[in-house]
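Remarks on the structure that follows.
There are 2 protein chains.
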Amino acid sequence: MGALRLPSLTSLSSAAAAVPRHHLCRQLRLPLRPLSAANFSVQSSTVEKDVAAPAPELEQNSPKPKLQQEKDRVITPRSQDFNAWYLDIIANAELADYGPVRGTMVIRPYGYAIWEAIQEYLNVKFKETGHSNMYFPQFIPYSFIEKEASHVEGFSPELALVTIGGGKELEEKLVVRPTSETIVNHMFTQWIHSYRDLPLMINQWANVTRWEMRTKPFVRTLEFLWQEGHTAHATPEEAEKEALQMIDMYTKFAFEQAAIPVIAGRKSKVETFAGASRTYTIEAMMGDRKALQAGTSHNLGQNFSRAFGTQFTDENGQRQHVWQTSWAISTRFVGGIIMTHGDDVGLMLPPNLAPVQVIVVPIWKKADERTGVLDAASSVKQTLQAAGIKVKIDDSEQRTPGWKFNFWEMKGAPLRIEIGPRDVSNGSVVVSRRDIPGKQGKVFGISMESSTLVAYIKGKLDEVQSSLLERATSFRDSNIVDVCSYTELKEAIAQGKWARGPWSASDEEELKVKEETGATIRCFPFEQPQGTKKCLMTGNPADEVALFAKSY
Amino acid sequence: MGALRLPSLTSLSSAAAAVPRHHLCRQLRLPLRPLSAANFSVQSSTVEKDVAAPAPELEQNSPKPKLQQEKDRVITPRSQDFNAWYLDIIANAELADYGPVRGTMVIRPYGYAIWEAIQEYLNVKFKETGHSNMYFPQFIPYSFIEKEASHVEGFSPELALVTIGGGKELEEKLVVRPTSETIVNHMFTQWIHSYRDLPLMINQWANVTRWEMRTKPFVRTLEFLWQEGHTAHATPEEAEKEALQMIDMYTKFAFEQAAIPVIAGRKSKVETFAGASRTYTIEAMMGDRKALQAGTSHNLGQNFSRAFGTQFTDENGQRQHVWQTSWAISTRFVGGIIMTHGDDVGLMLPPNLAPVQVIVVPIWKKADERTGVLDAASSVKQTLQAAGIKVKIDDSEQRTPGWKFNFWEMKGAPLRIEIGPRDVSNGSVVVSRRDIPGKQGKVFGISMESSTLVAYIKGKLDEVQSSLLERATSFRDSNIVDVCSYTELKEAIAQGKWARGPWSASDEEELKVKEETGATIRCFPFEQPQGTKKCLMTGNPADEVALFAKSY
Chain Y
1 MGALRLPSLT
11 SLSSAAAAVP
21 RHHLCRQLRL
31 PLRPLSAANF
41 SVQSSTVEKD
51 VAAPAPELEQ
61 NSPKPKLQQE
71 KDRVITPRSQ
81 DFNAWYLDII
91 ANAELADYGP
101 VRGTMVIRPY
111 GYAIWEAIQE
121 YLNVKFKETG
131 HSNMYFPQFI
141 PYSFIEKEAS
151 HVEGFSPELA
161 LVTIGGGKEL
171 EEKLVVRPTS
181 ETIVNHMFTQ
191 WIHSYRDLPL
201 MINQWANVTR
211 WEMRTKPFVR
221 TLEFLWQEGH
231 TAHATPEEAE
241 KEALQMIDMY
251 TKFAFEQAAI
261 PVIAGRKSKV
271 ETFAGASRTY
281 TIEAMMGDRK
291 ALQAGTSHNL
301 GQNFSRAFGT
311 QFTDENGQRQ
321 HVWQTSWAIS
331 TRFVGGIIMT
341 HGDDVGLMLP
351 PNLAPVQVIV
361 VPIWKKADER
371 TGVLDAASSV
381 KQTLQAAGIK
391 VKIDDSEQRT
401 PGWKFNFWEM
411 KGAPLRIEIG
421 PRDVSNGSVV
431 VSRRDIPGKQ
441 GKVFGISMES
451 STLVAYIKGK
461 LDEVQSSLLE
471 RATSFRDSNI
481 VDVCSYTELK
491 EAIAQGKWAR
501 GPWSASDEEE
511 LKVKEETGAT
521 IRCFPFEQPQ
531 GTKKCLMTGN
541 PADEVALFAK
551 SY
Chain H
1 MGALRLPSLT
11 SLSSAAAAVP
21 RHHLCRQLRL
31 PLRPLSAANF
41 SVQSSTVEKD
51 VAAPAPELEQ
61 NSPKPKLQQE
71 KDRVITPRSQ
81 DFNAWYLDII
91 ANAELADYGP
101 VRGTMVIRPY
111 GYAIWEAIQE
121 YLNVKFKETG
131 HSNMYFPQFI
141 PYSFIEKEAS
151 HVEGFSPELA
161 LVTIGGGKEL
171 EEKLVVRPTS
181 ETIVNHMFTQ
191 WIHSYRDLPL
201 MINQWANVTR
211 WEMRTKPFVR
221 TLEFLWQEGH
231 TAHATPEEAE
241 KEALQMIDMY
251 TKFAFEQAAI
261 PVIAGRKSKV
271 ETFAGASRTY
281 TIEAMMGDRK
291 ALQAGTSHNL
301 GQNFSRAFGT
311 QFTDENGQRQ
321 HVWQTSWAIS
331 TRFVGGIIMT
341 HGDDVGLMLP
351 PNLAPVQVIV
361 VPIWKKADER
371 TGVLDAASSV
381 KQTLQAAGIK
391 VKIDDSEQRT
401 PGWKFNFWEM
411 KGAPLRIEIG
421 PRDVSNGSVV
431 VSRRDIPGKQ
441 GKVFGISMES
451 STLVAYIKGK
461 LDEVQSSLLE
471 RATSFRDSNI
481 VDVCSYTELK
491 EAIAQGKWAR
501 GPWSASDEEE
511 LKVKEETGAT
521 IRCFPFEQPQ
531 GTKKCLMTGN
541 PADEVALFAK
551 SY
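Okay, here's the thing in C-alpha cells:
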C-alpha cells in the first residue's frame, strides 16, 4: 500500500526531488516518538543549562528511552530543503499522517485543533453577517456537473465517481462533490420564488474530493475539509458587495488570527474559478517565497442560475435569474500557517490559533521538590485557564525538562512557563517566547499572583502575535520586486521573488509568462499604486499592476 | 429525477402505505411558503382574538399573500398518519429537503441548527473526558472492509464504491466510509507502540454513507452526519469502562438536553454491531410507540486489533493486542426529537436544543404604535440575548401576528413573547408556552425590567424542558407492558406497545419473535427488576428481562 502511494506524496517543488523517497517516507510514516534534544538542528539554543532549566541528565524517575538511536529523526533545515522541512514538521509535530489511499491525509489531533480554531473564528463571523449553516449531500448526479460549461471543463478531470451502490451498478454515476455550486443551485431553484426569499445566504462545513495527481499534506490532498459559502441575491450590486465582504473577512482573519500578511485582489480571467464571473483571492507568501492561494470569494454572476433556472419574481412581477456568490477557506490554510511561520526548530504558531498557547514545564531535581513544583504548576495552569488561555502542563516523568523545551518549541507553542523549586520559593515563574530564541526571549521572576500573571501572559501572547505578523510582513515586502519590463519580471522570478508590474496584456501573453517563468498572475491587488502605468509586456497603457509569482 | 427516487423515501411504517405517494411528495418538495393559520389543524387555539393578539385581518402594510389557495399544505394529524405527519413537519418547519440523489437529504438551516446544538453539547463533553477531535479520510480501500469477518458481512450490502478517479478506473475500489473502524485501526497500528501510547481516545465529526434501500429523512438516509469516537486501551476492563462511560454520556444527553427518556442497555447478540463484542444502546420511544435506536457504544474487544495487528508492548515487555471501543450519535437523533415531542400543531423543541428558544412577536394596529412596539421588542430581544437566551424577533410586515403565532408554534419555539401597545405602556409582556396550548399556557403582565424578565424566561424555559421530559416519560411508561409469556408479548406488540419480560432463549427464538411479531430485542436494560425470573419463551431461568419493540 505504502509503496504504491509514495510518488504522489512528494512535493511539487524541485527541491523535493533531491530528497530520497525513502527518507520522506520514513520521516512521515514511522512511529513518531518525540525527538531527542540532541537531534534537533541547533540554530536556536533550546537547552539552557545556565538557568532554571536543568541539564538533560537530571535524574528523574523514568526509564531511559532509547533516543540516541533515533538520529534519523532530525528536522531537515528549512534553508536546505523547504519541502523536506515541511514534511518533517508535519510528522514530528504530529499534525497529520498519510491515509492508506494515495493522496489522502489523516489530520491528527494537534493539526485538527488548528483547524478547529480557524472554524471557531470564521463560524462566528459568518453568522454575524447573516449566514446560516446547513448541509448538502456530497453525491451529485453527474449530469449536474455538465450543466455549467466552464465548470465541467474545470472540474471533470479531477472527479471521483461512485458507480456502485448497495452492490449494484448505478444508472447514473455520482460525483463525490469537488465543490457544491451545482447541487446548491438545484436546491435554490426549489426554495427561491420571490424577491422576499432573497438574499439567501448559507454556508456549510464539509469534506470535498478532487482527484489531484500531485499532492502534499494540507496544501493539496484528494479529500480536504473546508467551508463553502453560497449566496443568492436580487441584484448584481448585492452579489458583488457580498463577494467583496467575504474576501475582506478572510483578509482580516489572515492578518489578525493567522498573522499572515496576505495580499488581497482580483484573479486574472485565466485564473478565475471555473464558473465564476470574477474571483477574489488572498495570496500568502510562504517561507520559500512561493505563493499560496489561501482563500477565494467568487462573484458567480448569473452563470449557475441560468444553467439551473434559479429565478425569482422581482418587485415588479418580472422573472429574473438570481445573482450569486461562493467563497471558501480550507484545511490548506493550516499548511499556509506552517509554511509562513515555521523555522528550523519546527512549527511556530500564532497565539490566536495555537492549540496550546502556553506550555508549563515543571522542573525538579530532588524528590522532596516534586510536590511543591507540581502544585505550583497546577495552580498556574488553573489561573491561566480561568482567564481563557489555552494552557497545558507537560508533567510526564519520562522526559527531561530540556527534552520538553525542545519538543514544545518544535510544536510551536508561543509561550513556555518554567517552574522550578527556586521559582516556587520566590512565588515567580520564568517565561520564554517561542519566537525569540535563547536568553533574549526569556524573562525571569514573573509573579505567580493571578492578576499579574494573567496580564503578563496575555500581553506576551499579543506581542508574539504582532511580532509574527511584523516578521512575515517584512519578509513579504522584501521579496516583492516592482518591475517595468518582462526582463525585470523574469529576473525577479528567477531570484525566487514575486514581481509586481503594470499589466494589460492578453491571456495568451499571461500563459506565455507561465510557460517561460513558471509564474502566474496571483492577483491584481486591491491596493494599487497611483499614476499612469504602461504594461510591462506590451508597453500599452495599463490600469492596474498585477502580482506574479510561482505558487503551490 | 424526482419520480425516480420517490419510492425509497416513503416510510417503513405500514401507515405510510396508505398515504398516496403524490401527497408525500408534494408535501415535502413544493416551495414551502409559510402556512396560513386557517389551514392548520385546530387542536390548539392558536389565534386568540380576545387578548393582546390582534385579529388576523388587522391592517398591516403587506400585500395579501395568496394563502387561501394553499389549502393542501396542512399538517396531517399525527393520530391519523404518523409518517405523513412526520414528513409534513419536516417540510413545513423547513428542517430538511430531499437531495437530488435517491435517499439523500439536504439539512436546512433550522434543522441543522438543532444538530449544531447537539454538537456543541457533546463536543464539550467528549473533550472533558479526554477525547481529541481529528479527521480520517472517507475513502477506505475495499480490502480493509474485508479484514474483520463479521464487519464485512454487516456492511458489504450497503456500500457505495468509488471505482473511477481522475478519469481512470481505479486498481482497487474505494469504499465511501460507512463507519471508520477499519481505517482507524490501520492508523492506530502505526501510532501505538507501547503502553505509554494508551489510552488513545479520539473522535471525529463526519459524514458517512450507507446504501440503504428504505430511507426516511433524518432517521435513515444514504448519507448522514455523525460523530464517531474510537478508543484503544491496554486492558479489557478499561475498554469496558469507556464503552459504559460513553453510553452514560449519551443517556444523560438524551434526558437532560433532548428531554427524551431513553432506556439504556445492552444489545442482544443478534443485534450487536458488526464487529463488536458488546453493544450498548439508548432506545427511545417515538410518538407512534416505535423504538428508535438513538445512540450506541461498542466494546470492540480485540476484534479489530487482531484483524489489523494493532499491538502494544505492555509494562512487562510483552506484545498484546489493544482493546477498543467505538461510539456514535448521528443526525438520526434530530428525527428522534421530532417524533418524541411533536404534536398536531407541529414541532415542539426542548429548550436546551431549540435554535429559537423565544420568539418575540410585536403587535400593532395603528401606524403611530409601530415604533414604540418595535423598540420595546428590540429591547426585550437585547436583554434576553445578553443573558445567553436564543431569541428572535419576527417583525416581518407581510404577516399578521396570528399567522406568526401559528408559524412559530409549528416551528416548535418553546416560548413566545407578545408585545402590543398596551404592553408597552404597562412596561410588561405576554408570555406563551408552546407545550401548553391556549390561555392556560399564557401569562400576562410579565415586567420588561431586565432582571425580572430574564429570571422569568429562564425559569419558564426550565419548566418547559422538564415538562417535555415528564410528558415523554409518562407516555413511555404507560406503553411498556411487563410480560411473562410469549402470548402476552405478542399481545403487547400487537397493541403497538413495548413488551418487557425475562429472556434467556436462543438466537433462533429471538429471530422467530421478530418474524412473527415484527418486534426485536431493543436491549437488556441496565435497570433490571429484582428477584428470580423465568424466560418468557422457554420457562428456563433467566438472569435478565429484555425489552421488545418494533423499531425504526
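These protein sequences, in sequence, are chains Y and H. With UniProt numbering applied, the first sequence corresponds to residues 1 to 552, in that order. With UniProt numbering applied, the second sequence corresponds to residues 1 to 552, in that order. All C-beta atoms, glycine included, are put in the ideal place defined by N, C-alpha and C.
Span of the beta strand (DSSP E) around residue i
| i | result |
| --- | --- |
| K252 (chain H) | Not the beta strand (DSSP E): K252 (chain H) falls in the alpha helix (DSSP H), residues 236 to 256. |
| W327 (chain H) | 323 to 330 |
| P362 (chain Y) | 358 to 362 |
| T231 (chain Y) | 223 to 233 |
| M105 (chain Y) | 105 to 107 |
| F139 (chain H) | 139 to 141 |
| F312 (chain H) | 311 to 313 |
| E418 (chain Y) | 415 to 419 |
| S447 (chain H) | 442 to 447 |
| N316 (chain H) | N316 (chain H) -> no beta strand (DSSP E), and no H or E assigned at all. |
Where residue i sits in the DSSP three-state scheme
| i | result |
| --- | --- |
| A376 (chain H) | helix |
| L58 (chain Y) | Interpretation of L58 (chain Y) is limited by its pLDDT of 33, a score under 50 that renders its predicted location unreliable; no figure is taken from the coordinates. |
| K49 (chain H) | Annotation note: pLDDT 33 at K49 (chain H) (below 50); position unreliable, coordinate value reported separately. Reduced to three states, the DSSP call for K49 (chain H) is coil. |
| E172 (chain Y) | strand |
| M348 (chain Y) | coil |
| N92 (chain Y) | helix |
| G427 (chain Y) | coil |
| Y552 (chain Y) | coil |
| A16 (chain Y) | Its pLDDT being 35, under 50, A16 (chain Y) is placed unreliably by the model, and the measurement read from it follows with that caveat. DSSP places A16 (chain Y) in helix when its eight states are reduced to three. |
| S432 (chain H) | strand |
| S277 (chain H) | coil |
| W85 (chain Y) | helix |
| V219 (chain H) | coil |
| V483 (chain Y) | coil |
| K534 (chain Y) | strand |
| P199 (chain H) | coil |
8 Å contact criterion, which residue i and residue j should meet: CB distance rounded
| i | j | result |
| --- | --- | --- |
| H230 (chain Y) | V184 (chain Y) | 5 Å |
| Q204 (chain H) | N133 (chain H) | 6 Å |
| W364 (chain H) | G420 (chain H) | 7 Å |
| L347 (chain Y) | A93 (chain Y) | 5 Å |
Beta-carbon proximity of residue i to residue j, cut-off 8 Å
| i | j | result |
| --- | --- | --- |
| N299 (chain H) | A243 (chain H) | yes |
| S268 (chain Y) | E510 (chain Y) | yes |
| I192 (chain H) | F312 (chain H) | yes |
| R416 (chain H) | W408 (chain H) | yes |
| A505 (chain H) | F548 (chain H) | no |
N- and C-terminal bounds of the alpha helix (DSSP H) containing residue i
| i | result |
| --- | --- |
| W211 (chain H) | First-last for W211 (chain H): undefined, no H or E at that position. |
| A149 (chain Y) | 149 to 155 |
| L468 (chain Y) | 450 to 477 |
| I183 (chain Y) | 181 to 191 |
*asked:* So if I threshold CB-CB distances at 7 Å, which residues from the segment 152 to 177 of chain H count as touching chain Y?
replied: P157, E158, A160, L161, V162, T163, I164, G165, G166, G167, L174, V176
*asked:* Residues of the segment 131 to 152 of chain H in Cβ contact with chain Y at a cutoff of 8 Å, in chain order, please.
replied: S132, N133, M134, Y135, F136, P137, Q138, F139, I140, P141, F144
*Return the residues of the segment 106 to 124 of chain H that lie within a Cβ-Cβ distance of less than 7 Å from chain Y, sorted by chain order.*
V106, I107, R108, P109, Y112, E116
_chain Y contacts made by the segment 82 to 106 of chain H, where a contact means CB separation under 8 Å_ = D97, G99, P100, V101, T104, M105, V106
*Taking a Cβ distance cut-off of 7 Å, strictly less, list which residues of the segment 232 to 258 of chain Y are near chain H, in chain order.*
none
*Between the segment 186 to 199 of chain H and chain Y, which residues of the former have CB atoms less than 8 Å from a CB of the latter, in chain order?*
H186, M187, Q190, W191, H193, R196
_At a CB distance below 8 Å, what residues from the segment 341 to 361 of chain H approach chain C? Give them in sequence order._
The displayed structure is made up of protein chains Y and H, and chain C is not among them.
*Given a limit of 7 Å on CB to CB distance, which residues of the segment 374 to 397 of chain Y reach chain H?*
none
*Cβ-based contacts, 8 Å cut-off: residues of the segment 314 to 336 of chain Y near chain H*: none
*Note down, in chain order, all residues in the segment 211 to 232 of chain H with a beta-carbon under 9 Å from any beta-carbon belonging to chain Y.*
W211, E212, M213, T221, L222, E223, L225
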